[in-house]
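> In this note's numbering, the protein residues as written are 2 to 178.
(1) Mapping the DSSP letters down to three states, classify residue 18 as helix, strand or coil.
(2) Tell me the rounded alpha-carbon separation between residue 159 and residue 10.
(3) Rounded to the nearest angstrom, how far is the Cβ of residue 155 from that of residue 165, given a contact under 8 Å?
(4) Where does residue 9 fall in DSSP's three states?
(5) Return the CA-CA distance between residue 22 and residue 134, expressed in angstroms with no decimal places.
(6) How many Å lie between residue 129 and residue 167 at the Cα?
(7) Going by CA-CA distance only, name the one from 126, 17, 146 that's closest to residue 39.
(8) At a cut of 8 Å, does the region 88-107 reach the region 24-37 through at least three beta carbon pairs?
(9) Let me confirm a value: residue 161 is counted as buried when at least 16 other C-beta atoms fall within 10 Å, else exposed. Which label applies?
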């Protein structure tokens, strides 16, 4: 199976992790990465250019197992990506100690949201990461495909982090019942 890669500057990755796991919080946190694409064909590769952390006011709901963005935050992020001709990569954490994997609710949200956001951003690729305390996983949509491919590796400085690849295994099960 083909997979995508993400390259993120080390300082940005550390800032992202600090935002996603603040102190002893058990609340999900999130943000967006603005990226450019280094490859629109296999092997797919995204390079992160900017980290946009979401704040409490950006959510309608923020809980230990659920996040919902406000319409204003969603519109602001879409406008910014459009103005900068960037690819959006959404990021949120799961504060549990389990290996990173999108939940069934996450996947149903992606099934609903990804076609809309890709339409709004004129068919640009879209990607999503879920970050656990010690692992990470992700999915990416490229080209005309309605089915994501897994994000296989995250490159940061000299570090290479393999993803869990768990989300791609359950995506079809959740989506198609």
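Each residue gets a CB set at the ideal place from its N, CA and C atoms; glycine is no exception.
In brief:
(1) helix
(2) Rounded to the nearest whole angstrom, the C-alpha separation of residue 159 and residue 10 is 10 Å.
(3) Not really, about 11 Å apart at Cβ, beyond 8 Å.
(4) Look at residue 9 here: in three-state DSSP terms it is coil, with no helix or strand label.
(5) 8 Å
(6) 13 Å
(7) 126
(8) yes
(9) exposed
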